[in-house]
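Notes for the one structure printed next.
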Amino acid sequence: MSALLLDAIPSLWRACDLGQSAAPVCPSGFAVLDAELPGGGWPCGQLTEVLQPQAGWREWRLLAPSLARLSRQGSVMLVGPPLVPHLPALAWQGLVLDSLIWVQADSPTERLWAAEQALRCQTLAALLVWLPSGLSQGLRRLQLAAQAGRQAAPPCLWALRPWSARQQASPAPLRLGLRAGPGDALEVLMLKRRGRVLEQGLLLPAARPPALRAGPGAVPPQTPVSPSPRPFKPDRHVVDRALARPLG
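Counting in the working numbering, the sequence shown runs without a single skipped number right up to 294 at its last residue.
Here it is in structure tokens:
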């Protein structure tokens, strides 16, 4: 069959092409990244895995623009973040603080449980869950739970995991790696996606201060300083308790 005939078949996808997302997407806020993400943004209703040497700040530089948009559409849940969320810095990056929910879950089992329950919530717009390496069955359950959601607008789901997990198989359709780039840039490695292989990393420009209490950061005068949020530890016997209390 000739190349012209192949090009005429709209349902045909070739590995040399960048895949398209069957699910709706949310723009990342970085044009250079959207150009390399299938569909042009973060997939909604699908698991995206982000690997990094040390959790706590690179994920916020990557996800803050999208979370700012999503926090205006529904709840943004943080499950098991390694550091206390820093509200002024989050507000500076455009997030609606009233939309944030922080769940303190110490064990991987508790975090997976809380994340699965959250994915049933009709008002959920985004979910970030910090997990260790391993847990292939747990990741598969998260992917299935994200796909099974009945929301009119499926939420974005990110699993934040250590760099050591890169050698392990993952059910996530999209898998990225983060590391420090030259200067203050952030380098994004496309570890897995539907489409052609991207050999070189993508450099994202320096962003606003980190959104966690890793140290002092500049806060605009107009941003009100809120007290440190109190975490909520979900009761495993009550399905929706993980969604009951906002951060702040």
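Even glycine gets a Cβ: it sits at the ideal position worked out from N, Cα and C.
Distance between residue 88 and residue 146, taken at the CA atoms: about 19 Å. Residue 195 sits in coil when the DSSP states are folded into three classes, being neither helix nor strand. Note that the segment 231–242 does not touch the segment 200–211; fewer than 3 beta-carbon pairs, one per stretch, sit closer than 8 Å. According to the DSSP assignment, residue 159 belongs to the alpha helix (DSSP H) that extends over 154–164.
Leaving aside the five residues that flank residue 118 on each side, the residues in its chain whose CB is nearer than 7 Å to its CB run, in chain order, 142. For residue 78, the enclosing alpha helix (DSSP H) covers residues 77–80. Burial check for residue 248: the Cβ neighbour count within 10 Å reaches 16 or more, so the residue is buried.
In the DSSP assignment, residue 105 falls within the alpha helix (DSSP H) that extends over 104–116.
For the pair residue 110 and residue 126, the CB atoms are not nearer than the 7 Å cut-off. Taking a 10 Å sphere around the C-beta of residue 243, we find fewer than 16 other C-beta atoms and assign the residue as exposed. Taking the C-beta atoms as reference points, residue 98 is found nearer than 7 Å to residue 224. Going by C-alpha positions, residue 201 is about 11 Å away from residue 191.
Across the structure, residue 217 and residue 203 are spaced so that their CA atoms are roughly 13 Å apart.
In the DSSP assignment, residue 217 falls outside any alpha helix (DSSP H), carrying neither H nor E.
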